[in-house]
Each structure stands twice: as structure tokens, then as C-alpha cells.
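Take a look at the structure set out below.
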Amino acid sequence: MTTITKERLQWLANISGRDDIDDIDGGEIRELALIALASLEAEPVASCIIEDGGMCVDGVGEYVGHSLPGGTYQLYTASPVPVVPEGLVKAVRFYEQVKRENPPVETGAWKDAVDWVLKEACQAVNIRIKGE
1 MTTITKERLQ WLANISGRDD IDDIDGGEIR ELALIALASL EAEPVASCII EDGGMCVDGV
61 GEYVGHSLPG GTYQLYTASP VPVVPEGLVK AVRFYEQVKR ENPPVETGAW KDAVDWVLKE
121 ACQAVNIRIK GE
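Written out as C-alpha cells, the structure is:
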């Protein structure tokens, strides 16, 4: 697995033309898909209740000085273990094979699929594209 930097994710999220997609390799697409899938399947590890200006996490401790509105919040770990459906793995491998064996065969549909994976992955890791 490759390591994708925050800067690279921001660049991928800001791709404006299909010509730029040629700079993306299958490893990056796979890693972005893994990140997106892992975030979709994450389980909360604790809950936080905000009430009358106080915050209580799983009944332990009381905190003040936060800016959250009242309610119950689910808390998640920072890096959930990725679970990849077999269909997605096959789709990415097929895409890589087609690109490797005959790049001109790639169509707009292929590039649309890449656009979708990149968009979903960047949204999944909560990258703020504007204003950073």
C-alpha cells in the first residue's frame, strides 16, 4: 500500500480535467477506496452527552469549555480497520489490467468511475478542500 499525503489528496480532490487523471496510479485508487470504505464501516467506541453546558463521555468525567450544541454524539476511532468488498477489489484490478494492456480503450465511463472513487475517498477522510 502506498502512503498518500494530505497535499496529494487535496490535489486529487481538485482535479479539474480528465487529462490530470493519467497521473493517478492504481495503488492510489485502491488506497483511496480503502479509506472511504473503512470510514463508512466504522463503529462508535464511545458516546458523549452534552447537557446544560457540560459534557460527559460514557458516564466518566465532566468537561466544560466546549462549543458543541446539546445532544448525544457518537465517538469513533481515528483509523478504523479497512474492510474491502471482493467486488471492489476485482473492479480495481480489472481497471488496472485494462489501463496496462490497452490505455486507448479507456472511456469516459472509466474516468467517471475514477472521479467517483476519488471524490468519495476525500469526503470520507473529511478533507476541507476550500479554505485551507
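Just so you know, we're using the UniProt record's numbering here: the sequence shown kicks off at 1 and counts up by one. No residue lacks a Cβ here, since even glycine has one placed at the ideal position from N, Cα and C.
What's the call for E51, buried or exposed, on a 16-neighbour Cβ count within 10 Å?
Along the sequence shown, one-based indexing puts residue 51 at 51. With fewer than 16 Cβ atoms within 10 Å of its Cβ, E51 is classed as exposed.
Short of 7 angstroms in beta carbon distance, which residues of its chain neighbour Q74, apart from the five on each side in sequence? Order them along the chain.
Here residue 74 is taken as the residue at index 74 of the sequence shown, counted from 1. Excluding residues within five positions, the ones whose Cβ falls inside 7 angstroms are P44, S47.
How close, in whole Å, do the beta carbons of E101 and G26 come, if the pair is a contact with beta carbons under 8 angstroms?
Working through the sequence shown from its first residue, we reach residue 101 at position 101. Working through the sequence shown from its first residue, we reach residue 26 at position 26. That belief does not hold up - the Cβ atoms of E101 and G26 are roughly 13 angstroms apart, past 8 angstroms.
Indicate whether L12 and I24 have their beta-carbon atoms separated by less than 8 angstroms.
Working through the sequence shown from its first residue, we reach residue 12 at position 12. Working through the sequence shown from its first residue, we reach residue 24 at position 24. Yes, these two residues count as a Cβ contact at 8 angstroms.
Is A46 helix, strand or coil by DSSP?
Residue mapping note: residue 46 aligns to position 46 of the sequence shown, counting from 1. Strand.
CB-CB under 7 angstroms to G71, same chain, minus the five flanking residues each way: which ones, in chain order?
For the purposes of this step, residue 71 is taken as the residue at position 71 of the sequence shown. Correct list, in chain order: I50.
Does DSSP classify A113 as helix, strand or coil?
For the purposes of this step, residue 113 is identified with residue 113 of the sequence shown, where counting begins at 1. A113: helix per DSSP, three-state reduction.
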